[in-house]
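**Q** In the working numbering, the protein residues as written are 550 to 724.
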Amino acid sequence: MLQQLAAQEHQQHAAELLCQQKASEAEHIHQADELQHTQQEVVQQHATQKCCDLEQQEWLEDLYQEYGPAFAEKHEEDLQRRRHAVLESLLESLMVNLIMVYLQMNHLILPMSTKIKFKKGVLQLLVILMVILIMVCLSMNHLILPMSTGIKAINSPCHQGIDHIRSQLSVIILV
550 MLQQLAAQEH QQHAAELLCQ QKASEAEHIH QADELQHTQQ EVVQQHATQK
600 CCDLEQQEWL EDLYQEYGPA FAEKHEEDLQ RRRHAVLESL LESLMVNLIM
650 VYLQMNHLIL PMSTKIKFKK GVLQLLVILM VILIMVCLSM NHLILPMSTG
700 IKAINSPCHQ GIDHIRSQLS VIILV
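1. Between LEU609, TYR616, LEU674, LEU551, which lies nearest to GLN629 when the distance is taken from Cα to Cα?
2. Where ALA581 and SER573 are concerned, what is the direct C-alpha to C-alpha distance, given to the nearest angstrom?
3. How would you call LEU567, buried or exposed, if buried means at least 16 neighbouring beta carbons within 10 angstroms?
4. Where does ILE648 land, buried or exposed, given buried means 16+ other C-beta within 10 angstroms?
5. Measuring CB to CB, does GLN594 end up less than 7 Å from LEU640?
6. Taking only the alpha-carbon atoms, compute the straight-line gap between HIS586 and LYS599 and give it to the nearest angstrom.
7. Would you kindly work out how many angstroms separate the C-alpha atoms of SER642 and GLU565, rounded to a whole number?
8. Express the C-alpha separation of GLN570 and LEU603 in angstroms, rounding to a whole number.
9. Are the Cβ atoms of VAL650 and LEU584 separated by less than 7 Å?
10. Please go through the same chain and pick out, in chain order, the residues whose beta-carbon is closer than 7 Å to the beta-carbon of VAL635, but skip the five residues on each side of it.
11. MET550 by DSSP, collapsed to three states: which one?
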């Protein structure tokens, strides 16, 4: 009788572990699909941008031949500003997606939730990530020197945290 109860309890525990494992696998598959979808969006936007660039380059050459160099140069400057704005928007969207995927994969927020529930210490992490994102945007607009020149929070307790997050984001971007 005791052996039957122990066997039933063991089977029930094994079934619970199997359910948990399948749920975890399903969550990882969902996160991988989400990351792949994000990467596909970036590739598609890049391809669209290249196509637009080729069309606009042909258009600029036509302008140059038809109206002269001064007119074409003015339009080329406008084109460069638009390209810069598109690139900045693409970078912002990619950074936000990478941050969200990173937080979801490390179980710091609930995936695909309408209300993001923060675990302990996550709010500080998000603030640091937003500071990095703002620094990247400022650097792209040439308002500050690029981050590679060594802009650091000297003598700050969050200095090591920023370096850690930069290295983590680098790993995510490389993957």
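Beta carbons are placed, not taken as given, at the ideal position from N, Cα and C, and that holds for glycine.
**A** Taking the structure as given:
1. Comparing alpha-carbon positions, the option among LEU609, TYR616, LEU674, LEU551 lying closest to GLN629 turns out to be LEU609.
2. One C-alpha to the other measures close to 12 Å.
3. With fewer than 16 other Cβ atoms within 10 Å, it is exposed.
4. Counting Cβ neighbours within 10 Å, ILE648 comes out buried, since at least 16 surround it.
5. Cβ atoms of GLN594 and LEU640: not closer than 7 Å.
6. Distance between the alpha carbons of HIS586 and LYS599 is about 20 Å.
7. Here the C-alpha atom of SER642 lies approximately 39 Å from the C-alpha atom of GLU565.
8. Using only the alpha carbons, I get a separation of about 49 Å.
9. Result yes, Cβ atoms of VAL650 and LEU584 sit closer than 7 Å.
10. Within its own chain, the residues whose Cβ lies closer than 7 Å to the Cβ of VAL635, once the five positions on either side in sequence are excluded, are GLN598, listed in chain order.
11. It is coil, neither helix nor strand.
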